[in-house]
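In our numbering, the protein residues as written are 792 to 930. All C-beta atoms, glycine included, are put in the ideal place defined by N, C-alpha and C. Computed from a predicted model, the values in this text were never measured in an experiment. Reviewing the structure listed below.
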């Protein structure tokens with residue numbers, strides 16, 4: 792029996808499928824969870840991060856603001872969430888509630904539109920201490 796060919800782009804392959812904390816361009820690792828992993832895992836992870844940072848130290852790394860977000864139905868958002876997602880809700884001349892996007896275009900069927908909106912962070916803060924991980928399924 793032959794083994795499947797190993798990928799030349801394993802990180803891309805893994806993150807191109809739905810992955811927790813992954814966006815098209817970034818990977819977010821919640822600090823509280825990483826700090827709660829077993830010691831050997833943490834040592835390996837720190838080594839890999841150090842290697843990555845060393846390899847790309849010559850690039851002008853910006854600071855990042857990470858905002859916990861989730862896909863929510865547009866009509867379920869409050870005013871602050873709408874604004875953060877780039878939408879507004881207003882009454883038109885008839886008194887009907889309409890939703891507009893960042894280009895001021897009316898959103899058709901807003902009850903069917905899901906947008907990325909800020910939500911309270913459901914994960915513990917790094918200062919919360921150890922968070923017990925569940926048993927991991929093999930990859």
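- If you draw a straight line from the Cα of residue 899 to the Cα of residue 881, it comes to about 14 Å.
- Taking a contact as a CB-CB distance under 8 Å, the pair residue 875 and residue 829 does not count as one, their CB atoms being some 36 Å apart.
- By the neighbour-count definition (other C-beta atoms within 10 Å, threshold 16), residue 890 is a buried residue.
- Nearest Cα to residue 868 within the set 845, 903 and 920: 903.
- The DSSP-derived three-state label of residue 927 is coil.
- If you look at residue 825, you'll find it in the alpha helix (DSSP H) that goes 822-825.
- Looking from the CA of residue 913, the closest CA among 894, 858, 872 and 835 belongs to 858.
- Here residue 812 has 818, 819, 820 and 821 as same chain residues with Cβ atoms under 8 Å from its own Cβ, once five neighbours each way along the sequence are excluded.
- Looking at the DSSP output, residue 905 shares a beta bridge with 864.
- Here residue 797 carries a coil assignment [DSSP, helix/strand/coil].
- Residue pairing for residue 855: DSSP places it in no beta bridge.
- Annotation: residue 872 to residue 896 spans about 18 Å, alpha carbon to alpha carbon.
- In this structure, the beta-carbon distance from residue 916 to residue 863 does not fall below 9 Å.
- Here DSSP, grouped into helix, strand and coil, assigns residue 808 to coil.
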